[in-house]
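Accompanying notes for the structure given below.
Okay, here's the thing in structure tokens:
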């Protein structure tokens, strides 16, 4: 079985918390990640939106674009508005041969609002979840028809956060909207990562290997502290530096024949946790557990290098 290892630039520059950002160029971010061993990078705010500009940068770094976040609003806006907003991203991702676009629901979400405690996250009743899942499926099918599949990201402080919410979303949605499994977000929400893989492995097309510091999460006052507060306190980290057993997680994915990207997404203070050093820790741990699980990790970066 083949796997690819990528990173998110959120370790270098945080889009929601400017204070958790290093003054590091895109080129240096890619260089550091590639030197640690990673062959892919998800898109961040310092990436150009023109493929003619982006491709030479990726080629020089020997890195491929392995995904990127789209802020979807289907829970409270119509399909047409979301289609209009995502179309340029589809065109860009197709031009640089990215595997998928990560769909993150921000409608009604409190994930980007530091004044909103975790306990005030939005919730959908069964009827609302059913209608929402149907709408997201239709959107996913449309994006796939345009030549770019989506990957649905369950997320802390959003309408699909907990394991029961994920189960309901998966029950009511269809194959047209594949799943991004994020181990860290599910663990933060009190879910069982291995059980979620058992239940939803047929739909998983992208994996975020985000680790968590459970001691930080357990100390949170969810009636007072927000998702961004948790990030600033160090709730997330890379595999090998946190609380999750990625040996078991990767083995379970391997048992079901998952092949594709494993992306380290670990937003934390880059001054306290230097991104290059954290990338090296994450890569070492992933190579250990992936080798044990029977994966061959691809070493090719830019497709035409």
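Residue numbers (UniProt numbering): 1 to 305. Ideal Cβ positions, reconstructed from N, Cα and C, are used throughout, including at glycine.
Member of the options whose CA lies at the smallest distance from the CA of residue i
{"i": "residue 234", "options": "123, 186, 76, 218", "result": "218"}
{"i": "residue 128", "options": "76, 244, 94", "result": "76"}
{"i": "residue 223", "options": "283, 269, 157", "result": "157"}
{"i": "residue 229", "options": "19, 7, 11", "result": "19"}
{"i": "residue 146", "options": "84, 134, 174, 204", "result": "84"}
{"i": "residue 286", "options": "177, 265, 302", "result": "265"}
{"i": "residue 164", "options": "14, 30, 190", "result": "190"}
{"i": "residue 133", "options": "260, 7, 167, 81", "result": "167"}
{"i": "residue 259", "options": "51, 242, 271, 297", "result": "297"}
{"i": "residue 208", "options": "270, 216, 238", "result": "238"}
Simplified DSSP state of residue i, which is helix, strand or coil
{"i": "residue 105", "result": "strand"}
{"i": "residue 72", "result": "strand"}
{"i": "residue 1", "result": "coil"}
{"i": "residue 220", "result": "coil"}
{"i": "residue 260", "result": "strand"}
{"i": "residue 65", "result": "strand"}
{"i": "residue 96", "result": "coil"}
{"i": "residue 305", "result": "Bear in mind that the predicted position of residue 305 carries a pLDDT of just 45, short of 50, making it too unreliable to give a figure here."}
{"i": "residue 289", "result": "helix"}
{"i": "residue 282", "result": "helix"}
{"i": "residue 215", "result": "helix"}
C-beta contact flag for residue i and residue j at 8 Å
{"i": "residue 112", "j": "residue 22", "result": "no"}
{"i": "residue 68", "j": "residue 283", "result": "no"}
{"i": "residue 159", "j": "residue 114", "result": "no"}
{"i": "residue 174", "j": "residue 202", "result": "no"}
Could you check whether the segment 148-155 touches the segment 119-131, counting it as contact only if at least three pairs of C-beta atoms, one from each stretch, sit closer than 8 Å? Taking 8 Å as the limit for Cβ pairs, the verdict is that the segment 119-131 does not touch the segment 148-155.
Next on the checklist: Tell me whether the segment 206-216 and the segment 171-191 touch, counting them as touching only if at least three CB pairs, one residue from each stretch, are closer than 8 Å.
Outcome noted: At 8 Å Cβ cutoff, the stretches touch.
query: Would you call the segment 19-28 and the segment 278-295 in contact, with 3 or more CB pairs under 8 Å?
result: no
*asked:* At 3 residues or longer, what runs of the beta strand (DSSP E) sit wholly inside the segment 123-209?
replied: 150-153, 179-182, 204-208
| field | Stretch pair the segment 240-254 + the segment 129-145: three plus CB contacts closer than 8 Å | value | no
Quick test of the definition: if touching needs 3 or more C-beta pairs under 8 Å, does the segment 254-261 touch the segment 2-11? yes
**Prompt:** Counting Cβ pairs closer than 8 Å, one from the segment 282-291 and one from the segment 41-52, do we hit at least three?
**Reply:** no
Cβ pair count under 8 Å reaching 3, the segment 88-97 against the segment 191-201
no
At 4 residues or longer, and completely inside the segment 21-66: list those alpha helix (DSSP H) runs for me, N to C.
-> For the segment 21-66, the continuous alpha helix (DSSP H) assignments of 4+ residues that do not extend past its boundaries occur at 26-36, 51-61, in sequence order.
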